[in-house]
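*Asks:* What follows is a single structure, and I will ask about it in a moment.
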Amino acid sequence: MFVLYRIAHTVADGIAITKFLTHQLPDKVIPQRETQNFSSTGRPLLMAKALLMAPLFTIRRFLSPADESLLHGPQLNGVKAFAWSEPFELKLIKEIKTAAGTTVNDVVMSCFSVALRKYLQRKGVENPTDLTVSVAVDVRSPASSKIVERVIVKLVSGEQYVSAMDAVWLPHQQNLHIINSVFCFSSEGDVAQAVNNFRRAIFQRMVDARKANGKLIYPKVRCYFRPGWFQYFQREDSNFKIENHVFKWEGEVPRSKDELTTVISKLSTEPFPEERSPWCFVCIPTNFGNNDVFLLYRISHALADGVSIVKFVSHLFPDKLAPPKETRNISSTGRRLSLAKAIFIGPLLILKWFFTRADQSILHGPELSGVKKFAWNEPFELQLVKDIKSATGTTVNDVLMCCLTVAFKKYLQRKGIKNPDDFTTCVAIDIRGPSSSEEFPWDNQFAFVFPKMPVATDGILKQLLETQARMKEVKQSSGALAVASIVRLTENLCPRFLSTKISSFLTRKETCLASNVPGPQKAFTVRGSLLKYAIFFPPHKENMGVGLSIFTYAGQVIIGVQGDISVLPDPETVVEEFGNALSEMAKCVPHRNGSV
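Note that the UniProt record's numbering has the sequence shown beginning at 1, numbered continuously upward.
Dropping the structure here:
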C-alpha cells in the first residue's frame, strides 16, 4: 500500500519531515543524537564571511545569464510527471566515494549530471552545455533544530516547550533548583482536617483555577518536564492526583523551631518523583509555642519565580480574593531605552565578567556538601524600616540590604576575620513589562545584577549610603535586561550543554544570592486558618552556598537565610546580627520628633 504525504513547504522542509519519519512516526521511538552542521566556532566565522560576500553574491547572480535549453525556457503547463528508482545498495556508492576520495553527495550528483547529459543526447543535443542547479543545503544551527523540534512536537502531541527563562532553572543532578517557602498558619484544632482543608483550597484555587473563558490559569501544575532532542517539553501528568502534591509530614512532630528547621532541611534535598509535576505542599504540625501548622511549599524554579508565586498567594490563595493592582516595573518608554542600552552593554558585561575575579572567603570557595540549613527571624515591623528610609533618603530595599551586609560583616568578624572584604551578590530583579494582571501566569521573568556589597566600609550609615549608591548604579545600568537577553539568546541558539555552561559562567563568582519579594499588604485566611507570616528560600546557583530572602506581609518583614553547611553552618547567627544591625541603624537616624 502506498501512502501519499502532502505538506505545505511553509510548514516544514525535507530535513524536518525526515526527522519526524525517523524518530517520531515509528512504533519504537528512536532517540536522536544532537548534531551540528557547523561547529560553534565555525558558524560565527561563516556568518561573518556571508555578511561580507552577500552584496557580491547578489550582483553576480543578477548579471549571470539564465540557462537556455529544452529543460529550461519553454512555458510550463503545471502538469508534473514523477519517477523513482528501485532501491539500490548505499554500500556501492560508499565504495566509489572511498576509491575516488570524494563524498557520497559528490557521487550521487555526478550520476545525476551524467544522466541529464545522456537524456539531452537522446533528445538530439549532441554537446549539451553545463546546467545550473539549485542545491538545497541544510543550514540548521542548534536554534533552528530547536524550532523544528517545537513544530513537530506541537503537531504530534500538542506539548509546549520550556521557555528560555524557565529552562535556566531546570533541575539537574548537581542542583534541583527548588524554591522552598514556609507558611505559618494558626492551628484550628484537628491536623487531619487542616490538611484536608489545604488540599481542597489548593486544588480549587490553583490546580483547577480557571479564567473567564474556562481555560486553566496554571496549566503547568498538571505537567512534568520531559527531555526532547534539543530541549525540554511539558507533558501532562495523566495520573495526576492532588493527594500526591498536598500531604502531611509523617515524621516526628517538631517540638521546637530548631527541630522544625531540621525537618525543612531534610525535605529540601529530596528530588521530586519522575513523571510527576514538580511541586508539593507538606503540612507540618508542631508541638511548641501555639502549636501552629507550617505549610512547606516546594516548587521547581523552572515552573515559576518568586513574583509569580506571590501573585498566586496574594490574589487567589486567600478566602477573600484580593483584586490585583496594576504594576509597572519599567515604563513602556523606559523599557525600550533600557533594551537598547542592554544591547550595547551585553558584550561589555560578558567581557568585564570574564576578567572579574571570583570571591574568595569562608563563605565562597569551599566545595559544597549539598546539605542546607535554614533560619528566619521573628517578624518585625515594616514601619521601622520605612522610618529609617525616610530619614536617610534611601529605599526600603537599601535599608534591608545594608542590614544584611552589616550582619555578614559581624558574622565574619565572629569567625576571626577582623577586616572582611566586600563580596559580590546576585540580586534578583523583576524585568516584567507594564502589566495590569487579571491573570497570574507562572513563568520566570527576572534576571540578576551583581553589586559589590560594602562589607569593608566602616560605620553603619556610611554603609547604608554606599549600599544605596551601588544598588542604584547596577539598576540604572540595564544590566538585568542585558543578562536576560544573554540567557534568552544562549538558551534559544545554543545546545543545552553549552547554554548551561554560559549560565554557570555568569553565576559562579558571587558569594550569595539575594531576593526581595513584597507580599500581601493585609493578613488573610485560607479555609479559616490565619496566615501569621511567611518566608521563602530561593535555590542556590552553581557554587554559591548562601541564600538571602526578604519577604513583607501585613506590615511585617521576615528575613530568611539558608546556607550550605560547608560554608554557612549557622545561618541563625546571620539572622541574629540582622536584628542587631536594624536596631543600631534605628538609633543612628533622627526620629519623627527630631530626636536621635
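Glycine included, C-beta positions come from ideal geometry on N, C-alpha and C.
Note that the coordinates shown come from a computational prediction; the quantities given were computed from them, not determined experimentally.
#1: Does the region 356–368 come into contact with the region 503–517, if we say contact requires no fewer than three beta-carbon pairs (one atom in each stretch) closer than 8 Å?
#2: Would you mind reading off the limits of the beta strand (DSSP E) that contains Arg-527?
#3: If contacts are defined as beta-carbon pairs under 8 Å, then Phe-536 and Gly-555 qualify, I think. What distance do you get, rounded to the angstrom?
#4: Using DSSP bridges, identify the partner residues of Val-246.
#5: Can you name the residues that DSSP bridges to Val-371?
#6: When you compare the CB positions of Phe-270 and Tyr-224, do they come within less than 7 Å of one another, or not?
#7: Please classify Lys-80: does DSSP put it in a helix, a strand, or coil?
#8: From Glu-259, Pro-518 and Phe-198, pick the residue whose C-alpha is nearest to that of Lys-248; which is it?
#9: Which residue spans inside the region 65–116 form an unbroken alpha helix (DSSP H) run of at least 4?
#10: Use the C-beta contact count for Ser-549: other C-beta atoms within 10 angstroms, 16 or more gives buried, fewer gives exposed.
#11: Could you spell out the range, first to last residue, of the alpha helix (DSSP H) harbouring Glu-259?
#12: Which residues share a DSSP beta bridge with Thr-425?
#13: In three-state DSSP terms, what is Ile-535?
#14: To which residues does DSSP link Gln-556 through a beta bridge?
#15: Tell me Met-453's beta-bridge partners as DSSP assigns them.
#16: What residue range is occupied by the uninterrupted alpha helix (DSSP H) comprising Gln-204?
#17: Please list the terminal residues of the continuous alpha helix (DSSP H) segment that includes Pro-571.
#18: Look up Val-135 in the DSSP assignment and give the residues it is bridged to.
#19: Going by CA-CA distance only, name the one from Ala-8, Val-396 and Leu-493 that's closest to Val-517.
#20: Along the alpha helix (DSSP H) that carries Tyr-411, what are the first and last residues, could you check?
#21: Who are the Cβ neighbours of Lys-146 in its own chain at under 6 Å, not counting the five residues just before and after it?
#22: By a C-beta neighbour count over all protein chains shown, 10 Å radius and 16 as the cutoff for buried, is Asn-175 buried or exposed?
#23: For Ala-428, count neighbouring C-beta atoms within 10 Å of its own C-beta (all shown protein chains included) and say buried if the count is 16 or more, exposed if not.
#24: Enumerate in chain order the residues of its own chain whose CB-to-CB distance from Asn-287 is below 6 Å, with the five nearest sequence positions on each side excluded.
#25: What did DSSP end up calling Gly-289 once you bin it into helix, strand or coil?
#26: Distance, Cα to Cα, Val-449 vs Pro-227?
#27: Would you tell me roughly how many angstroms separate the C-alpha atoms of Lys-587 and Lys-522, rounded to the nearest one?
#28: Does Asn-291 pass the burial test, meaning 16 or more other C-beta atoms within 10 Å, or should it be called exposed?
#29: So, using beta-carbon positions, are Glu-491 and Ser-499 closer together than 7 Å?
#30: Less than 8 Å between the CB atoms is what I'm expecting for Ser-300 and Ala-534, so what's the real figure, rounded?
#31: Report yes if the C-beta distance between Thr-261 and Phe-374 is below 7 Å; otherwise report no.
#32: Check this for me: beta carbons of Asp-67 and Thr-18, under 7 Å apart or not?
#33: When DSSP labels each residue in this structure, what does Asp-564 get in the three-state scheme?
*Replies:* Looking at the coordinates:
#1: yes
#2: Taking the sequence shown and counting its residues from 1, the one referred to as residue 527 is at position 527. Here Arg-527 belongs to no beta strand (DSSP E), and DSSP marks it neither H nor E.
#3: As a first step, residue 536 must be located in the sequence shown, where it is residue number 536. As a first step, residue 555 must be located in the sequence shown, where it is residue number 555. The Cβ separation is near 18 Å, so there is no contact.
#4: Translated into the one-based positions of the sequence shown, residue 246 becomes position 246. Per DSSP, Phe-281.
#5: For the purposes of this step, residue 371 is taken as the residue at position 371 of the sequence shown. Paired residues: none, contrary to the question.
#6: For the purposes of this step, residue 270 is identified with residue 270 of the sequence shown, where counting begins at 1. For the purposes of this step, residue 224 is identified with residue 224 of the sequence shown, where counting begins at 1. It is Glu, not Phe, that sits at residue 270 in the sequence shown. Going by C-beta atoms, Glu-270 is not nearer than 7 Å to Tyr-224.
#7: Position 80 of the sequence shown, counting from 1, holds the residue named residue 80. Coil at Lys-80, not helix or strand.
#8: As a first step, residue 248 is located in the sequence shown; it is residue number 248 there, counting from the start. Ranking Glu-259, Pro-518 and Phe-198 by Cα distance to Lys-248 puts Phe-198 first.
#9: 90–100
#10: Your numbering for residue 549 matches position 549 in the sequence shown. Burial call: buried.
#11: The residue you call residue 259 lines up with position 259 of the sequence shown. From DSSP, the alpha helix (DSSP H) with Glu-259 extends over 257–268.
#12: Taking the first residue of the sequence shown as 1, we reach residue 425 at position 425. According to DSSP, Thr-425 bridges with Cys-512.
#13: One-based indexing of the sequence shown puts residue 535 at position 535. Three-state result, Ile-535: strand.
#14: In the sequence shown, residue 556 corresponds to position 556, counting from 1. Paired residues: Glu-381 and Tyr-553.
#15: Within the sequence shown, numbered from 1, the residue matching residue 453 stands at position 453. DSSP output for Met-453 lists Phe-423 as bridge partner(s).
#16: As a working note, residue 204 is residue 204 in the sequence shown. Counting along the chain, Gln-204 falls outside any alpha helix (DSSP H), and DSSP gives it neither H nor E.
#17: Here residue 571 refers to the residue found at position 571 when the sequence shown is read from its first residue. Looking at the DSSP string, the run of the alpha helix (DSSP H) that includes Pro-571 is 571–588.
#18: In the sequence shown, the residue the question calls residue 135 occupies position 135. Paired residues: none, contrary to the question.
#19: Locating residue 517 in the sequence shown gives position 517, counting from the first residue. The residue with the shortest Cα to Cα distance from Val-517 is Val-396.
#20: Here residue 411 is taken as the residue at index 411 of the sequence shown, counted from 1. First-last of the alpha helix (DSSP H) with Tyr-411: 396–414.
#21: By 1-based counting over the sequence shown, the position of residue 146 is 146. The answer, listed in chain order, is Phe-230 and Gln-231.
#22: For the purposes of this step, residue 175 is identified with residue 175 of the sequence shown, where counting begins at 1. Classification for Asn-175: buried.
#23: Translated into the one-based positions of the sequence shown, residue 428 becomes position 428. By the 10 Å Cβ count, Ala-428 comes out buried.
#24: Taking the sequence shown and counting its residues from 1, one reaches residue 287 at position 287. The residues are Val-253 and Arg-255.
#25: Numbered from 1 along the sequence shown, position 289 holds the residue referred to as residue 289. Looking at Gly-289 - three-state DSSP - the assignment turns out to be coil, as it is neither helix nor strand.
#26: Counted from its first residue, the sequence shown places residue 449 at position 449. Counted from its first residue, the sequence shown places residue 227 at position 227. Rounded to the nearest angstrom, the two C-alpha atoms are 30 Å apart.
#27: Walking along the sequence shown from the start, residue 587 turns up at place 587. Walking along the sequence shown from the start, residue 522 turns up at place 522. Their Cα atoms are separated by approximately 28 Å.
#28: Translated into the one-based positions of the sequence shown, residue 291 becomes position 291. Exposed.
#29: Taking the sequence shown and counting its residues from 1, one reaches residue 491 at position 491. Taking the sequence shown and counting its residues from 1, one reaches residue 499 at position 499. It is a contact, given that the beta carbons lie within the stated cut-off.
#30: In the sequence shown, the residue the question calls residue 300 occupies position 300. In the sequence shown, the residue the question calls residue 534 occupies position 534. Rounded, the Cβ-Cβ distance is 19 Å, inconsistent with contact.
#31: Stepping through the sequence shown from its first residue, residue 261 is reached at position 261. Stepping through the sequence shown from its first residue, residue 374 is reached at position 374. Yes; because the gap between Cβ atoms is below 7 Å, this pair is in contact.
#32: One-based indexing of the sequence shown puts residue 67 at position 67. One-based indexing of the sequence shown puts residue 18 at position 18. In this structure, Thr-18 does not lie closer than 7 Å to Asp-67 by Cβ.
#33: Start at 1 with the first residue of the sequence shown, and residue 564 comes out as number 564. Here Asp-564 sits in strand by DSSP.
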